[in-house]
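Okay, so the sequence shown: first residue is 185 according to my numbering, each after it adds one.
Here a beta-carbon is modelled for each residue, glycine too, at the ideal position from N, C-alpha and C.
Given the structure is predicted, the values throughout are model-derived calculations rather than measurements.
Inspection log for the structure reproduced underneath, given as structure tokens.
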Amino acid sequence: MHNQALSEMLMAPSCWQTQLSCRTAHAGHLPFESDVVIVGAGIGGLAAALRALESGYSVTVLEAGEVGCGASGRNSGFVVPIPSRHSPASLQHLLGENTAPFLAALSDAAQTVIEYAPSDLTVKGWVQPMAGAARGAADELAKNWVRLGAKVEPMEPQELENALGTTEYAEGLLFSDAGAINPLAFVYRLADTVNRKGGHIIERCSAVDVRPQARWVAVQTQRGEIRAGRVFIAGNAYGSAASRKTRRAISPLALTLATFAIPQVCHAEQLLPFSDNRKDMWFARRLGPVKLLTGCLALPLQRSAKCSALLQDRIKRLYGIVAQAPEQQWAGWVGLTPDGMPKIHHDERIIGWSGCNGRGIALSMLMGQTLMDRLCGINGLRLPLSSGTFRTGNALTWLAQMVIALDRRKQRRTVLAS
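What follows is the structure in structure tokens.
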């Protein structure tokens with residue numbers, strides 16, 4: 185995407201930020217010391233903060249901007265209990281005997297999020313429709329996921345039409361422990377809980393440097409130094425300054441999102457959130473009675489107007505409706521990793537992680553809890569997540585963009601030939 189156009193959309197407020205303009209400001213004096221210092225006040229950082237507080241530690245959360253200003257407040261709000269880019273077979277090949285425990289923990293995290301999130305715009309259930317799959321593929325895929333403990337069932341054409349409001353798909357999967365939320369409202373609720381339980385959240389206080397000392401970890405900020413017993417770095421694709429390594433660990437890919445006024449579709453009795461199985465994924469969810477949220481992955485030199493036109497074409501194909509220009513449009517970063525699992529950097533007193541691969545809400549909740557246990561030496565769930573040296577490199581971004589561009593071109597040819 186053209187740099188200027190992308191920069192403008194990355195700076196534009198999300199629909200969640202526009203809705204929740206009134207919020208609790210988190211300020212205060214920087215304490216001299218804290219048992220745990222967390223860098224980043226998104227879902228992962230706040231989940232880690234709650235875990236540490238529940239274990240009896242004092243907690244200080246440092247946020248360079250405002251609570252939820254990164255990926256946590258700029259995503260689609262989908263809560264998905266399976267990792268991105270994995271089939272049951274590929275996930276089992278990667279994790280082996282730990283596959284079922286991982287999926288069970290991710291399912292629990294997804295259900296916790298849906299139950300804890302404010303009820304406004306919360307929907308239970310998420311559909312993965314199959315585009316261009318062989319007949320019976322959904323049944324076989326559902327059986328393979330169920331063998332690993334996933335809560336999923338196949339859907340027939342009429343069920344899909346009733347759930348999604350479109351006849352585009354003949355088969356699909358329904359994950360009952362998934363859904364969609366207002367992600368920023370969820371983050372604000374997490375932050376309020378951290379405050380209520382005695383944690384300190386300090387906004388507009390960037391961690392500039394993290395340096396281990398003999399008896400503590402020195403965290404240098406714009407407001408001075410704080411001594412920490414342990415440090416949890418949760419910057420992810422938005423990492424900067426002291427948390428910049430979390431961005432270097434992944435290959436960032438821009439995702440554009442937009443809302444459209446579509447009363448004809450949204451008046452349907454039920455419209456579940458969905459993300460299909462295309463490489464250039466189609467996805468959508470309802471926001472209130474007359475609004476639809478959808479999006480697409482951004483490609484180099486692609487301007488925002490072209491993204492809007494692409495999404496309008498998809499809406500027409502899905503629902504037979506000519507949509508007007510989007511009411512709101514913005515963009516956010518998706519952090520890609522080679523194996524589709526988060527990258528972790530861990531030593532005795534500092535832990536950092538990055539790479540949700542586009543399905544970050546449930547995974548961030550799980551990572552925050554699990555890695556905080558690991559950092560504090562608490563016996564808990566041990567997930568076999570990928571680790572390695574944090575290093576820069578955009579080869580994966582380039583490869584992903586090529587795959588998306590080829591799939592998008594293939595779809596366009598299919599439409600023209602039909």
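Alpha helix (DSSP H) segment containing residue i, residue limits
| i | result |
| --- | --- |
| I227 | 227-238 |
| R331 | 321-331 |
| F286 | 283-300 |
| K381 | It is not in any alpha helix (DSSP H) - K381 carries neither H nor E in the DSSP assignment. |
| L550 | 544-559 |
| P272 | 272-279 |
| T202 | 199-203 |
C-alpha distance - residue i paired with residue j, whole-angstrom precision
| i | j | result |
| --- | --- | --- |
| G257 | I227 | 9 Å |
| L455 | V401 | 49 Å |
| D460 | F467 | 6 Å |
| F370 | V263 | 12 Å |
| I266 | E355 | 18 Å |
| I535 | F416 | 5 Å |
| Y353 | A315 | 6 Å |
| T576 | T521 | In this predicted model, T576 has a pLDDT of only 45, less than 50, meaning its place in the structure is not dependable enough to derive any value. |
| E345 | G504 | 13 Å |
| E291 | L332 | In the sequence under discussion, the amino acid at residue 291 is Ser, which differs from the Glu named in the question. For S291 and L332, the distance between alpha carbons rounds to 12 Å. |
| T377 | G472 | 27 Å |
| H530 | R414 | 11 Å |
| E387 | S424 | 15 Å |
| Q404 | L246 | 11 Å |
| A236 | I499 | 44 Å |
| M549 | R462 | 26 Å |
| L275 | G479 | 26 Å |
| G408 | M525 | 35 Å |
| N328 | S242 | 43 Å |
| R469 | F216 | 45 Å |
| T443 | G212 | 36 Å |
| A426 | M339 | 47 Å |
| H360 | V223 | Per the sequence presented here, residue 360 reads as Ser, with His not at that position. When rounded, the distance between both Cα atoms is 33 Å. |
| A189 | L547 | 30 Å |
| V307 | A347 | 12 Å |
| C540 | L494 | 25 Å |
| A412 | V221 | 6 Å |
| L278 | L590 | 27 Å |
Outcome for residue i when other beta-carbon atoms lying within 10 angstroms are tallied against a minimum of 16
| i | result |
| --- | --- |
| K381 | exposed |
| V297 | buried |
| N366 | buried |
| V506 | exposed |
| M195 | exposed |
| M556 | buried |
| R596 | exposed |
| N563 | exposed |
| M185 | Only weak support is given to the placement of M185: the predicted model assigns it a pLDDT of 48, under 50, and the value that follows is read from those uncertain coordinates. The residue is buried, with at least 16 neighbouring Cβ atoms inside 10 Å. |
| E532 | exposed |
| T244 | buried |
| E299 | exposed |
| F286 | buried |
| D393 | exposed |
| M586 | exposed |
| A421 | buried |
| F458 | buried |
| Q513 | buried |
| S191 | exposed |
| R399 | exposed |
| T351 | exposed |
| Q397 | exposed |
| P341 | exposed |
Minimum Cβ-Cβ distance from residue i to chain B less than 8 Å
| i | result |
| --- | --- |
| A189 | The structure shown has no chain B; it contains just one protein chain. |
Simplified DSSP state of residue i, which is helix, strand or coil
| i | result |
| --- | --- |
| V394 | strand |
| E532 | coil |
| M314 | strand |
| I410 | strand |
| V506 | coil |
| I417 | strand |
| P267 | coil |
| D591 | helix |
| P457 | coil |
| S242 | coil |
Bridge partner(s) assigned by DSSP for residue i
| i | result |
| --- | --- |
| R469 | L477 |
| F262 | A364 |
| P338 | L357 |
| P436 | G519 |
| A442 | T478, Q513 |
| S538 | K527 |
Residue span of the beta strand (DSSP E) that contains residue i, given as start and end
| i | result |
| --- | --- |
| A515 | 512-520 |
| E192 | Counting along the chain, E192 falls outside any beta strand (DSSP E), though it belongs to the alpha helix (DSSP H) covering 187-195. |
| I222 | 217-223 |
| T405 | 401-405 |
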